[in-house]
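In the working numbering, the protein residues as written are 6 to 67. Where is the CB? At the ideal position from N, CA and C, for every residue including glycine. Predicted, not measured: the structure shown is a model, and the values here were computed from it.
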């Protein structure tokens, strides 16, 4: 793990995105759990939705 910069910011972002991927891309859930602004929650939910859709597309192609 040497050489990998794991800042608190990166860990926080990773945790919020993981929550969105695990529990569904629901901005209200993210805002409630993490106490983040609604616009931020919407951004995370949108990113999670895109990742989930991409993952589904990859699963159906093969």
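Under the assumption that residue i contacts residue j (Cβ atoms under 8 Å), give the Cβ distance between them as a whole number of angstroms.
i          : j          : result
residue 43 : residue 52 : 15 Å between Cβ atoms; not a contact.
Would you call the CB atoms of residue i and residue j closer than 8 Å?
i          : j          : result
residue 23 : residue 38 : no
residue 57 : residue 32 : no
Does DSSP put residue i in a helix, a strand or coil?
i          : result
residue 37 : helix
residue 30 : coil
residue 51 : helix
Going by CA-CA distance only, name the one from the options that's closest to residue i.
i          : options        : result
residue 27 : 13, 54, 59     : 54
residue 49 : 63, 19, 12, 13 : 19
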